[in-house]
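Take a look at the structure set out below.
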Amino acid sequence: MESTDMYILLGVIFIVLLQGLWIFQDARKRGLRYWLWGLFGCLSVPASLIIYLLVTRANKALCPRCEKKISKDYLICPYCRIELKMNTK
Ligand SMILES: [Zn+2]
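Counting in numbering that gives the first Met the number 0, the sequence shown tops out at residue 88, every number present.
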């Protein structure tokens, strides 16, 4: 193996690890299964990152009253205090 190939390989490994690490930390912050997401992040660049962002950011909705971005599992809108769901518990 030539040394240039070696540098390219190291660069690719570095980028893959960086992406995996970023997804790992972001998933941990959000209370997701971060080990699973971290491993998933090392599978493919940049497809894993795109899938991760789509999945984790897809949980967003718009408030029906103030139309601000909120999480789908909020019970009350943090901006206008409208009740979004009936609390069944
Ligand atoms: Zn609102």
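Using N, Cα and C, we set each Cβ at its ideal position, and we do this for glycine too.
Whole-number beta carbon distance between residue j and residue i, since they are thought to touch under 8 angstroms
i, j, result
"G19", "G40", "4 angstroms"
"I12", "V44", "About 10 angstroms; that fails the 8 angstroms criterion."
"I81", "R64", "5 angstroms"
Heavy atom of ligand 2 within 7 angstroms of residue i beta-carbon
i, result
"K71", "In the structure on display, ligand 2 does not appear, and the ligands it does have are ligand 1."
Residue i Cβ short of 7 angstroms to ligand 1 heavy atom set
i, result
"K67", "yes"
"R29", "no"
"Y6", "no"
"I49", "no"
"C76", "yes"
"C41", "no"
Cβ-Cβ distance between residue i and residue j below 8 angstroms
i, j, result
"A46", "G37", "no"
"L74", "K84", "yes"
"L48", "I22", "yes"
Those residues which DSSP pairs with residue i across a bridge
i, result
"I75", "E82"
"I69", "A60"
Next item on the list: Kindly confirm or deny that the stretch 46-62 and the stretch 25-36 touch, where touching means at least three C-beta pairs closer than 8 angstroms.
Entry: yes
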